[in-house]
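Contents: one structure, followed by commentary.
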Amino acid sequence: MVDNENLRSTVIVGLKKYLGVPIIRSAQNTEPPDYPYLSFTVTTLESANNGTWGVYPDGIDRIPVKQTWSITAQSEDELEAGELASKAREYLTHTGRTYLKDNDVIVETVTAITNRDSLITIEYEYRKGFDVVFWLMNEENNPIEEDGYINSVILNKE
């Protein structure tokens, strides 16, 4: 199983500390915080994989997967939204790499920052965002139970 809790807490804690703004999950039924803030959506929980499970000596089988997040900076000011998105992107691609790696989070790719503005009744909410792809390992216990005995052997006559 992918350790989604570690991924989520590591990324959110790191970004929040670096940016100094609230970070929330998108599409909630609660009031958002005051501007500016960052929101995220996990758009792909686990990617389709063309590989196979690897069997490791520690008894844990592993297969690489990817998880995609959409990250959006939101503000009443267009310039502020752009700067916040740029700073978040820079953290994931540069400044935060050591902290993320030390917590088993690997950033594979980060897309370009795009406009995601929204008209709310009669005023704009300025949104600038990008997607980030994390490279993860799906891990499961090996289902083969070993009892330490060889149950059968076929020998050649050589």
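Counting in the numbering used here, the sequence shown runs from 17 upward without gaps.
For each residue, glycine too, the CB sits at the ideal point set by N, CA and C.
Looking at residue j and residue i, is the spacing between their C-beta atoms short of 9 Å?
| i | j | result |
| --- | --- | --- |
| L54 | A104 | yes |
| Y107 | G36 | no |
| L152 | V18 | yes |
| I76 | E156 | yes |
| T60 | D120 | no |
| A101 | K33 | no |
| V123 | V148 | yes |
| P80 | G67 | yes |
Nearest-angstrom Cα distance between residue i and residue j?
| i | j | result |
| --- | --- | --- |
| E141 | E99 | 15 Å |
| P38 | E47 | 13 Å |
| E62 | Q83 | 5 Å |
| Q90 | N131 | 11 Å |
| F150 | G70 | 19 Å |
| D118 | T109 | 15 Å |
| V126 | F146 | 7 Å |
| L23 | D93 | 30 Å |
| N154 | N65 | 11 Å |
| S42 | T88 | 9 Å |
| N45 | Y72 | 43 Å |
| I160 | S134 | 53 Å |
| Y115 | E21 | 16 Å |
| N158 | G112 | 33 Å |
| R78 | E139 | 49 Å |
| D5 | N167 | In the structure as shown, the chain starts at 17 and stops at 174, and residue 5 therefore has no counterpart that could be examined. |
Look up residue i in the DSSP assignment and give the residues it is bridged to.
| i | result |
| --- | --- |
| K144 | A89, N131 |
| T125 | V149 |
| N157 | I76 |
Taking the alpha carbon of residue i as the point to measure from, which residue in the options has its own alpha carbon closest?
| i | options | result |
| --- | --- | --- |
| T57 | S86, R113, V27 | S86 |
| E96 | P52, T114, D120 | P52 |
| field | Every unbroken beta strand (DSSP E) inside the stretch 32-100 [3 residues or more] | value | Complete beta strand (DSSP E) runs here, min 3: 39-41, 53-60, 76-91.
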